[in-house]
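Engineer: Residue numbers -20 to -1, 1 to 225, in mature numbering (1 follows the signal peptide of the UniProt record, and there is no 0), belong to the letters of the sequence shown in order. Beta carbons are placed, not taken as given, at the ideal position from N, Cα and C, and that holds for glycine. Quantities reported herein were computed from a predicted structural model and do not represent experimental measurements. Structure in structure tokens, see below.
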Amino acid sequence: MKKTILTLAAASAFTMNAQAEQYWADNSVSVLYSDQYEFNEDEATTTMTLEHVSGHSWGDLFYFVDRHNGGDYKETYGEFSPNIKLTSIDDSLVSSVKLAYTYEFGTFQTGDFNPGNPSFHSAFDNHLLGLGADLKVPGMDFTSVYLYRAFNDSSDSDDNQITLVYGYSNGNLIIDGFLDYSFGNENDSVEDEMNFTPQITYNVGPALGLKNKLKVGVEYSYWTNQFGIDGQDQNAVSLLVKAHL
């Protein structure tokens, strides 16, 4: 099944490249700091994020790469999400429907690489395939919802995922983020999990005479049953600086 998904993704990429017209794009780099991450046992962790989002004649593209670094814990995690527009709808709550695909990838390690203190290292590649819809919600800059079937790297742990992404702004105040809900895992020992992560920022670029946005604020992460582990819940606030390029 995963080979089929990769074949479809490659075919779609070829088609998009042949007919592509880019309407807009935004690139940014963020730095976050927190000592409240559950996965790193509340040790101070710095995260750098490179992010891209763009709109095209064929649909839209979003991807990012995170690099976490805190004590003995190091992780690289990314997502690559091209969405192919299937249809547009006028005068409706649903403005468009699209074929949605996300490639999740990551590597992480804990401990020291010294031979006398072996570390734990792991890597994964997940593929999510489904449908998405852009919504016209009054007062919101954007709102989209997705339903995926997730083909996870572990062959016995495929599941389903609902994703909501949203954005709101009022002048230089910006609130945006996502909510992921994963459920129905084939492995009975993996619990349903929910990850709600908004960012609340203020664009200080105009005050500093900058042409591009420079946002400062916080990111809040509320993650129940983190990584499908029963009772491992995260409540983490991170300081955030985000520069748009």
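Where does Q206 fall in DSSP's three states?
Structural biologist: In this structure, Q206 counts as helix in the three-state DSSP scheme.
Engineer: Terminal residues of the continuous beta strand (DSSP E) containing P186?
Structural biologist: Taken as a continuous stretch (DSSP letters only), P186 belongs to no beta strand (DSSP E), as it is neither H nor E.
Engineer: By Cβ distance below 8 Å, which residues in the same chain neighbour residue 230 in space, the five residues on each side in sequence not counted?
Structural biologist: Past the edges of the chain, shown from -20 to 225, lies residue 230, and the structure says nothing about it.
Engineer: Which partner residues of L225 appear in the DSSP bridge assignment?
Structural biologist: None, per the DSSP bridge assignment.
Engineer: Apart from the five residues on each side of it in sequence, which residues of its chain come closer than 7 Å, Cβ to Cβ, to F176?
Structural biologist: Cβ neighbours of F176 beyond the five flanking positions: L159, Y202.
Engineer: Anyone know if the C-beta pair for L219 and Y57 falls short of 8 Å?
Structural biologist: Taking 8 Å as the Cβ cut-off, L219 and Y57 do not qualify as a contacting pair.
Engineer: So the candidates are S149, S61, D105, L190; which of them puts its Cα closest to the Cα of P118?
Structural biologist: It is S149.
Engineer: Does the beta carbon of E55 sit closer than 8 Å to a beta carbon anywhere in chain B?
Structural biologist: Note that chain B does not occur in the displayed structure, where there is just one protein chain.
Engineer: From which residue to which residue does the beta strand (DSSP E) around Y57 run?
Structural biologist: Element bounds for Y57: 53 to 68.
Engineer: Run through DSSP, which three-state label would E18 get?
Structural biologist: Here E18 sits in helix by DSSP.
Engineer: Please determine, among N49, S72, K78, D70, the residue with the shortest C-alpha to C-alpha distance to N63.
Structural biologist: Looking at the Cα atoms, K78 is the closest of the given residues.
Engineer: In this structure, how does DSSP classify V117 when only helix, strand and coil are distinguished?
Structural biologist: Coil at V117, not helix or strand.
Engineer: Look at T27 and R47 and say whether their C-beta atoms are less than 8 Å apart.
Structural biologist: Yes, Cβ-Cβ distance for T27 and R47 is below 8 Å.
Engineer: Could you spell out the range, first to last residue, of the beta strand (DSSP E) harbouring N150?
Structural biologist: Its beta strand (DSSP E) spans residues 139 to 150.
Engineer: Hey, quick one: how far does the beta strand (DSSP E) through S169 stretch, first residue to last?
Structural biologist: Unbroken run through S169: none, as it is neither H nor E.
Engineer: Consult DSSP for N215 and reduce its assignment to one of helix, strand or coil.
Structural biologist: The answer is strand: DSSP assigns N215 an E or B state.
Engineer: Whose C-alpha, out of E31, F60, Q179, F88, is nearest the C-alpha of G50?
Structural biologist: Comparing Cα positions, the closest option is F88.
Engineer: Nearest to H224 by alpha carbon, out of Y182, F207, Q214, T204?
Structural biologist: Taking only the C-alpha atoms, the option nearest H224 is Y182.
Engineer: Rounded to whole angstroms, what's the CA-CA distance from N205 to S162? Just pull it up for me.
Structural biologist: C-alpha separation (whole angstroms): 10 Å.
Engineer: In angstroms with no decimal places, state the Cα-to-Cα distance between L115 and D52.
Structural biologist: Each residue's alpha carbon lies about 42 Å from the other.
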